[in-house]
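A.B. asks:
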Amino acid sequence: MPRALVLVSLVLLLLGCRKDERAEAPPAAPSARSSSTTLAASAPSPEPPLGDAEKGKTLVAKFQCNRCHEGTGFEKPALDQDCVRCHQEIHAGTYQASATSLAKWQKSIVHFRETPSLANIGGRLRRGFLEKFLLEPHDVRPHLDTTMPRLVITPEEARDVAAWLTSSATPAPAVALEGANVEKGSALFEAKGCRQCHEYTGAPRAALPAGVADLEGKGERMARALAPDLRYVRERMAPGELVRWLDDPKAQKPDTLMPKTPLTPEEQRDLSAFLLRADLAPKVAKIIPPRLPVLDRKVTYEEVSRRVFRNTCWHCHAEPDYAIGDGGPGNTGGFGYRPRGLNLAEYEGIQAGYVDDKGERRSIFSPMPDGTPRLVYAMLARYREEAGQTDPVVRGMPLALPPVTPEDIQLVETWIAQGRPQ
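Every number in our numbering is 20 more than the matching position in the sequence shown, counting from 1.
See the structure below:
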């Protein structure tokens, strides 16, 4: 089994996550407006002070960003440390393994087959957005089921990393949107079929032109998977960068899958005005599902291991011999995380617990302040993270992946309540 599988649940930078934004129905989105008052009222905030790019370069190496992303300024790692490339080769059938192994892995490897390239990211995205995103990751690409985890990173470090990633950028000429027509931009968004790949949450859902297929529910397609939610364009891009991108995406990012759409300069400004200035309905917070009570039936370790520990957790928490590689960032450390010595692939390792910041062994079953076993608390914390409620002490698990289902959390909690029988 390739070493990259050990690290399958940790991607470090700028990934999005599938999020069903379900809650009480928000107010209907106001109609798009083109008044100069609206344009001026939603102008982006100024960029923050510039960080130290050389320190940022050192931090990018520390966080090993090149293991998931191109365009970091570092060479590609060896294949057994290149999470995404390894998975892509497995699905392409070019990875050096037996046909039996490839067939098995192709069924089980679902995540981290696409990640955004960071090439020329400073020529596309605002430095302030990158800095904030590193500190407060949130959904950007709703058609991906993975997201960026919360890093062990300080505000100063985030500023330095953002400075390095944008250090080689060529600023776009300033573009004034006064006089641009938001309503015309809305019509262009629909006519050009932008919704085929992009969501624009908070805006009225655009129709697709006649003859253009709706890709939703029709399987994985890389261009759609990497397409960001355009709700966040106003945080991510300044008008000049957006107009330049709409003019010729590949000129700014040669590996982009976004095609060049025929647009006149006036149409580029109108579409930019729609993306940057249209009124949007309030963002809908993701609902945290209710915690399920423990089960009455007997739950065995084999069931919990099969459904949870060896299905999800061992990718970051396993012994090197089991993982055929290192033990993952949750065991031997990596990606900026300390070694925790936690092996969730074997019963004995689970009982042995983890190493805390003082180097002492601690149980993953010890109660948190509210009485919840620490392991269960971490799995529940993943739901809170997705709802925007970050915990300063415990990171939600599994990192970078959708939460474990309430039923599987119930299974783990029942097993713990029954004394963790082997």
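Note that CB positions come from ideal geometry on N, CA and C, so glycine has one too.
All of these numbers come straight from a predicted model, not from anything done at the bench.
Closest by CA to E177, which one among R327, L155 and G93?
C.D. replies: Considering only alpha carbons, the answer is L155.
A.B. asks: Which residue from R330, L79 and Y321 puts its Cα closest to that of P175?
C.D. replies: L79
A.B. asks: Go ahead and pull the three-state DSSP assignment for P175.
C.D. replies: helix
A.B. asks: Counting C-beta neighbours from all protein chains within 10 Å, is the total for T320 16 or more, i.e. buried, or is it exposed?
C.D. replies: exposed
A.B. asks: Can you tell me where the alpha helix (DSSP H) with W125 in it begins and where it stops?
C.D. replies: Looking at the DSSP string, the run of the alpha helix (DSSP H) that includes W125 is A119 to S128.
A.B. asks: In chain order, what residues of the same chain have a beta carbon less than 8 angstroms from the beta carbon of H111, not counting five sequence neighbours either side?
C.D. replies: Closer than 8 angstroms at Cβ, skipping near neighbours: Q126, I129 and R133.
A.B. asks: Where I308 and W334 are concerned, what is the direct C-alpha to C-alpha distance, given to the nearest angstrom?
C.D. replies: 25 angstroms
A.B. asks: Just to check my reading of the structure: I436 and P393 have Cβ atoms closer than 8 angstroms, yes? What is that Cβ distance to the nearest angstrom?
C.D. replies: Right, the Cβ-Cβ distance comes to about 5 angstroms (below 8 angstroms), so this counts as a contact.
A.B. asks: Going along the chain, which residues of its own chain have a beta-carbon closer than 8 angstroms to the beta-carbon of G142, five neighbours each way excluded?
C.D. replies: L185, T186, S187, S188 and A189
A.B. asks: Under 8 angstroms between the Cβ atoms of V104 and D249?
C.D. replies: No. Outside cutoff.
A.B. asks: Since R144 and Q288 are thought to touch, with beta carbons under 8 angstroms apart, how far apart are those beta carbons, to the nearest angstrom?
C.D. replies: Between Q288 and R144 the Cβ distance is about 15 angstroms, and since that is not below 8 angstroms, they are no contact.
A.B. asks: Residue range of the alpha helix (DSSP H) that L291 falls in?
C.D. replies: In the DSSP annotation of this structure, the continuous segment of the alpha helix (DSSP H) that includes L291 starts and ends at P285 to R297.
A.B. asks: Looking at the unbroken alpha helix (DSSP H) that takes in T78, where does it start and where does it end?
C.D. replies: Where T78 is concerned, the enclosing alpha helix (DSSP H) stretches over A73 to K82.
A.B. asks: When you compare the region 206-215 with the region 164-173, are there three or more beta-carbon pairs, one atom per stretch, that lie closer than 8 angstroms?
C.D. replies: The region 206-215, when compared against the region 164-173, does not touch it at the 8 angstroms Cβ threshold.
A.B. asks: In chain order, what residues of the same chain have a beta carbon less than 6 angstroms from the beta carbon of Q101, not counting five sequence neighbours either side?
C.D. replies: R87
A.B. asks: Just verifying my parser: in three-state terms, what is the DSSP assignment at P259?
C.D. replies: helix
A.B. asks: Whole angstroms is fine: what's the gap from L296's alpha carbon to H163's?
C.D. replies: 21 angstroms
A.B. asks: Should G239 be labelled buried (16 or more other beta-carbon atoms within 10 Å of its own) or exposed?
C.D. replies: Its pLDDT being 47, under 50, G239 is placed unreliably by the model, and nothing is read from it.
A.B. asks: Once the 5 residues before and after K495 are set aside, which same chain residues still bring their CB inside 7 angstroms of it?
C.D. replies: Only positions 21 to 442 of the chain appear in the structure, and residue 495 is not among them; the question remains open.
A.B. asks: Report, in whole angstroms, the separation of the C-beta atoms of N363 and E339, which I expect to be a contact under 8 angstroms.
C.D. replies: Confirmed, Cβ separation roughly 5 angstroms.
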